[in-house]
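J.: The structure that follows is given in the form of structure tokens.
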Amino acid sequence: MSTQAELIVAPPSFRRRPVFSWLGDFPLIPTLILVVIGLVAIFANVLAPHNPEVGSLVARFKPPFWQTGGSTKYLLGTDQLGRDVLSRLIFGARVSVVVGFTAVIFAGVIGTGLGILSGYLGGWVDQVVMRLTDTWLALPALTFAIFLAAIVGPSMWNIVLILGITYWTRYARVIRGEVLSLKEREFVRLAVVAGCSKRTIMVRHILPNVINTAIVLGTLMLGVVIIAEASLSFLGVGVPPPQPAWGLMLSDGKQGLMVGYWWLTVFPGCCIMLMVLSANLLGDWLRVKLDPQLRQL
Amino acid sequence: MKQYIGRRVGYSLLSLFLLSLTIFFFVRVTGDPAALLVEPGASAEDIAAIHHQFGLDRPLWVQYGVFMSSLFHGDLGQSFYYRTPVMDLYLSRLPNSLILAVVAMGFSLLVGIPSGILAAVRVGRFWDSAGKLFALLGLSMPSFWVGLLLILLFSVYLGWLPSSGAGTPLHLIMPAFALGWYFAAAHMRLTRSSMLEVLGSEYVKLARIKGLPQSLVIAKHAFKNALIPVLTLAGVNLVIMVNVAVVVETVFAWPGIGRLLAEGINFRDFPVVQGVVIMGGAMIIIVNLMVDVLYAVIDPRIRLER
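If you read the sequences in order, they're chains A and B. For the first sequence, my numbering assigns the number 35 to the initial residue and increments by one for each residue that follows. For the second sequence, my numbering assigns the number 0 to the initial residue and increments by one for each residue that follows.
Below, the structure written as structure tokens:
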């Protein structure tokens, strides 16, 4: 009887299909782009042909090599201080990767922590956290980040802190909702009966069950955070010069824009777009695969 | 109904209170405001004098009381740079920001709604994919970069449009597009999902069973109902637009609130920066309250639920 049932439920072709379809629409190219950007960020000092912060004033505003006046010494041209654009792009990846990932993780830790506390403990803790979340959501995020950056002054790690405390709300909301339903599940109730402390339940039983959701949200937040970092740097309250960051390069490039020095604007923007686009595509895929509940988000 | 609205108003007041507390906290705790006012290397007496002048030597809760009472009188303090009240500056820039936001919103709805409907009606086909690509690009390109590319194309190479400033309708085209694309993408996505939901509903099935042609089903039965959530979002987004326009306004030197904020940062004009954030937060809280109340008036399910 059981062998018959197995035959019906799991014929050979059927057994292979889940794995295949699970990976069938895997966003290979976006993942590769993210991996390449990550590797470029790690090995920036090996890959960059020039020092990104030191230019030569005789080589200012050189166009990319394929245009007249350009040379293969500066493949993607030079900026207003004669610095190599390619090298600055390569080192700029470092800023975007470091700020992007650490800020997303930082926001995730705050938001997930508060979400679990609020959802599991309920009562006044829930009220306080949810009112705080509402207030935070009412703040215009980018303006608030600019405001904070203007107070604490520009530095890369300040930006990480600021973006973390600006963007945690979405995690808190979603995770709280998940915890509310987890709380009613058998395994959590059994843990209560077995005499586990609230802390143990939250850390050992609830946290592992919401971590998937947090990862999906984190991937989706990566793009938002990278654009926010670029915006702050563009406005002059982000990563301080002469450190190479893509947003800062766009801000510098604005001077040459009206004279037609297009490479100072097009290349850094393309880098931001590629990274954000890849993160969004990967995040969308993860959302559908890992967490069906988030599909309509 | 009254109870529901009362609770909503209470929550909004609480949010406003927390907002003021948050801003106050960050200004006072993360640094000495006097340090922003004096030249680097000023003497201790100078700093103490400034402390006294602005009441910074009083206890924190007294300072907060003063801060709150002036907020209630619509006083956001004095701009260091312009030497005029921040509120006056804010109100003088607000019309420009609203014009830009309204035009950008018009553009985003004009593009977002039809393309969202088209994508939902032709789900999984060419227009759906094209719409997805358009939305994905809109969500992935920083708006200020879109602005810079537009300047490069239409001002530098083609010479059709002015690259910065305000005054003529021509000045509005590029900033409105740069600002509106992201929102067009958001509106398109929402229209698509809302339309898909409505198309699967019982009354649309009934309309189909009655034998109505596809165009009539979509125009008369589906479209109107699918539009409600989109228009609600658009109302909230209009306020958000005014507040996120800072980078786009900087790119195009558009004299709105965002530009005021950017100037505030450049001139170390702290009251201006603080005032713009407070006003932005207050506007969003009030609009959210209005949406909640309006929903309760329109939809009895919501007001009976709580």
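C-beta atoms are modelled at their ideal positions from N, C-alpha and C, and glycine is treated no differently.
Between W319 (chain A) and V131 (chain A), what straight-line distance do the alpha-carbon atoms span, to the nearest angstrom?
T.: Working through the first sequence from its first residue, we reach residue 319 (chain A) at position 285. Working through the first sequence from its first residue, we reach residue 131 (chain A) at position 97. Answer to the nearest angstrom: the Cα atoms are 20 Å apart.
J.: Just grab the DSSP bridge partners of T112 (chain A) for me.
T.: Taking the first sequence and counting its residues from 1, one reaches residue 112 (chain A) at position 78. A:D118, per the DSSP bridge assignment.
J.: F99 (chain A) to V119 (chain A), Cα distance in whole Å?
T.: In the first sequence, the residue the question calls residue 99 (chain A) occupies position 65. In the first sequence, the residue the question calls residue 119 (chain A) occupies position 85. Straight-line Cα distance between these residues: approximately 12 Å.
J.: Could you tell me how far apart the beta carbons of T203 (chain A) and G145 (chain A) are, in whole angstroms, since I believe they sit closer than 8 Å?
T.: Taking the first residue of the first sequence as position 1, residue 203 (chain A) is located at position 169. Taking the first residue of the first sequence as position 1, residue 145 (chain A) is located at position 111. Confirmed, Cβ separation roughly 7 Å.
J.: Determine, using beta carbons only, whether S139 (chain B) and M236 (chain A) come nearer to each other than 7 Å.
T.: Position 140 of the second sequence holds residue 139 (chain B). Position 202 of the first sequence holds residue 236 (chain A). No, these two residues do not count as a Cβ contact at 7 Å.
J.: Should K96 (chain A) go down as buried or exposed, given a rule of 16 or more other Cβ atoms within 10 Å for buried?
T.: Here residue 96 (chain A) refers to the residue found at position 62 of the first sequence. Buried is the call here.
J.: Taking Cβ positions, are V143 (chain A) and I193 (chain A) nearer each other than 7 Å?
T.: For the purposes of this step, residue 143 (chain A) is taken as the residue at position 109 of the first sequence. For the purposes of this step, residue 193 (chain A) is taken as the residue at position 159 of the first sequence. For V143 (chain A) and I193 (chain A), no; Cβs fall outside 7 Å.
J.: From V70 (chain A) to L109 (chain A), what does the alpha carbon distance come to, in whole angstroms?
T.: What you label residue 70 (chain A) is simply residue 36 of the first sequence in a count that begins at 1. What you label residue 109 (chain A) is simply residue 75 of the first sequence in a count that begins at 1. In a straight line, the C-alpha of V70 (chain A) is about 19 Å away from that of L109 (chain A).
J.: If I measure Cβ to Cβ from P254 (chain B) and keep anything under 7 Å in the same chain, skipping five residues before and after, which residues do I get?
T.: Residue numbering aside, residue 254 (chain B) sits at position 255 when the second sequence is read from its first letter. Cβ within range, chain order: R92, N95 and A165.
J.: What would DSSP say about P302 (chain A), mapped onto helix, strand or coil?
T.: As a position in the first sequence, residue 302 (chain A) is number 268, starting the count at 1. Three-state result, P302 (chain A): helix.
J.: Does the Cβ-Cβ distance between P83 (chain A) and S121 (chain A) come in under 7 Å?
T.: Position 49 of the first sequence, counting from 1, holds the residue named residue 83 (chain A). Position 87 of the first sequence, counting from 1, holds the residue named residue 121 (chain A). Yes, the pair counts as a contact, with Cβ atoms nearer than the cut-off.
J.: Pull up the distance between the alpha-carbon of L331 (chain A) and that of T247 (chain A), whole angstroms please.
T.: Reading the first sequence from its first residue, position 297 is the one you call residue 331 (chain A). Reading the first sequence from its first residue, position 213 is the one you call residue 247 (chain A). The predicted model places L331 (chain A) with a pLDDT of 45, which falls under 50 and marks its position as unreliable; any figure quoted below should be read in that light. Approximately 12 Å between the Cα atoms of the pair.
J.: Within its chain, find whatever has a CB closer than 6 Å to the CB of V259 (chain A); leave out the 5 residues flanking it on each side and keep chain order.
T.: Numbered from 1 along the first sequence, position 225 holds the residue referred to as residue 259 (chain A). Cβ within range, chain order: G134, A137, V138 and L197.
J.: In the structure shown, what three-state DSSP assignment does Q2 (chain B) receive?
T.: The count along the second sequence starts at 1 and reaches residue 2 (chain B) at position 3. Looking at Q2 (chain B) - three-state DSSP - the assignment turns out to be helix.
J.: At a cut of 8 Å, does the region 197-216 of chain B reach the region 62-77 of chain B through at least three beta carbon pairs?
T.: Because the criterion of three Cβ pairs below 8 Å is not met, the region 197-216 of chain B and the region 62-77 of chain B do not touch.
J.: When you compare each of B:R6, B:M0 and B:F79 to G263 (chain B) by their alpha carbons, which one comes out closest?
T.: Taking the second sequence and counting its residues from 1, the one referred to as residue 263 (chain B) is at position 264. Residue B:F79 is the option with its Cα nearest to G263 (chain B).
J.: Show which residues of chain A have a CB atom less than 8 Å away from the CB atom of Y10 (chain B).
T.: On the second sequence, residue 10 (chain B) is found 11 positions in, with the first residue counted as 1. Result: R165 and D168.
J.: Got a sec, what are the start and stop residues for the alpha helix (DSSP H) F268 (chain A) sits in?
T.: Indexing the first sequence from 1 puts residue 268 (chain A) at position 234. L241 to L269 is the extent of the alpha helix (DSSP H) around F268 (chain A).
J.: Starting from the C-beta of P228 (chain B), find all residues in its chain whose C-beta is less than 7 Å away, skip the five residues before and the five after it, and write them out in chain order.
T.: Locating residue 228 (chain B) in the second sequence gives position 229, counting from the first residue. Closer than 7 Å at Cβ, skipping near neighbours: L189 and S193.
J.: Measure from the alpha carbon of V61 (chain B) to the alpha carbon of each residue in B:Y81, B:L136, B:L20 and B:L99, then state which is nearest.
T.: The count along the second sequence starts at 1 and reaches residue 61 (chain B) at position 62. It is B:L20 whose Cα lies nearest to the Cα of V61 (chain B).
J.: Helix, strand or coil: which one does DSSP assign to P276 (chain A)?
T.: Along the first sequence, one-based indexing puts residue 276 (chain A) at 242. Note: P276 (chain A) maps to coil in three-state DSSP.
J.: Consult DSSP for P174 (chain B) and reduce its assignment to one of helix, strand or coil.
T.: What you label residue 174 (chain B) is simply residue 175 of the second sequence in a count that begins at 1. The answer is helix: DSSP assigns P174 (chain B) an H, G or I state.
J.: Counting only the same chain and skipping the five closest in sequence on each side, list residues whose C-beta sits under 6 Å from that of L237 (chain B).
T.: As a position in the second sequence, residue 237 (chain B) is number 238, starting the count at 1. The answer, listed in chain order, is A100 and M104.
J.: Could you confirm whether any beta carbon from chain A is found closer than 7 Å to the beta carbon of S96 (chain B)?
T.: On the second sequence, position 97 is the one that residue 96 (chain B) refers to. Output row for S96 (chain B): interface = no.
J.: Write down every uninterrupted run of the alpha helix (DSSP H) in the region 44-122 of chain B whose length is 4 residues or greater and which is fully enclosed by it, in chain order.
T.: Listed in chain order, the complete alpha helix (DSSP H) runs (minimum 4 residues) inside the region 44-122 of chain B are 59-71 and 85-120.
J.: State buried or exposed for D59 (chain A), treating a residue as buried only when at least 16 other CB atoms are found within 10 Å of its CB.
T.: The sequence position of residue 59 (chain A) within the first sequence is 25, counting from 1. Answer is exposed; the Cβ neighbour count stays below 16.
J.: Please tell me whether L62 (chain A) has its Cβ less than 7 Å away from any Cβ of chain B.
T.: As a working mapping, residue 62 (chain A) is identified with position 28 in the first sequence. Chain B, which has no Cβ nearer than 7 Å to the Cβ of L62 (chain A), makes this no.
J.: Identify the contact partners of P84 (chain B) in chain A, using a Cβ-Cβ distance below 9 Å as the criterion.
T.: Translated into the one-based positions of the second sequence, residue 84 (chain B) becomes position 85. Simply none; closest approach about 19 Å.
J.: Going along chain A in order, which residues have a C-beta closer than 8 Å to the C-beta of I239 (chain B)?
T.: Within the second sequence, residue 239 (chain B) is the residue found at index 240, counting from 1. Within 8 Å Cβ-Cβ: P174.
J.: So, under 8 Å CB-CB, L213 (chain A) and V244 (chain A) are touching, yes? Tell me the CB distance rounded to an integer number of Å.
T.: Here the question's residue 213 (chain A) lines up with position 179 in the first sequence. Here the question's residue 244 (chain A) lines up with position 210 in the first sequence. Residue identity differs from the one stated: residue 213 (chain A) is Val in this sequence, not Leu. Correct: roughly 7 Å between the Cβ atoms.
J.: Compare the C-alpha of M278 (chain B) against each of A:F140, A:G294 and A:F178 and name the closest.
T.: Taking the second sequence and counting its residues from 1, the one referred to as residue 278 (chain B) is at position 279. It is A:F178.
J.: Using the beta-carbon of each residue, which ones in chain A are nearer than 8 Å to T376 (chain B)?
T.: No answer is possible for residue 376 (chain B): it lies beyond the span of chain B, which begins at 0 and ends at 305.
J.: So what's V222 (chain A) in DSSP terms, helix, strand or just coil?
T.: Residue mapping note: residue 222 (chain A) aligns to position 188 of the first sequence, counting from 1. Three-state DSSP puts V222 (chain A) in a helix.
J.: Rounding to the nearest angstrom, what Cα-Cα distance links D74 (chain B) and V310 (chain A) in this structure?
T.: Here residue 74 (chain B) corresponds to residue number 75 of the second sequence, with the count starting at 1. Here residue 310 (chain A) corresponds to residue number 276 of the first sequence, with the count starting at 1. Using only the alpha carbons, I get a separation of about 40 Å.
J.: If we count the other Cβ atoms within 10 Å of its Cβ and call it buried at 16 or more, is N287 (chain B) buried or exposed?
T.: Working through the second sequence from its first residue, we reach residue 287 (chain B) at position 288. N287 (chain B) is buried by the Cβ-count criterion.
J.: Between V101 (chain B) and chain A, is any beta-carbon pair separated by less than 7 Å?
T.: Here residue 101 (chain B) refers to the residue found at position 102 of the second sequence. With 7 Å as the cut-off, V101 (chain B) does not count as an interface residue toward chain A.
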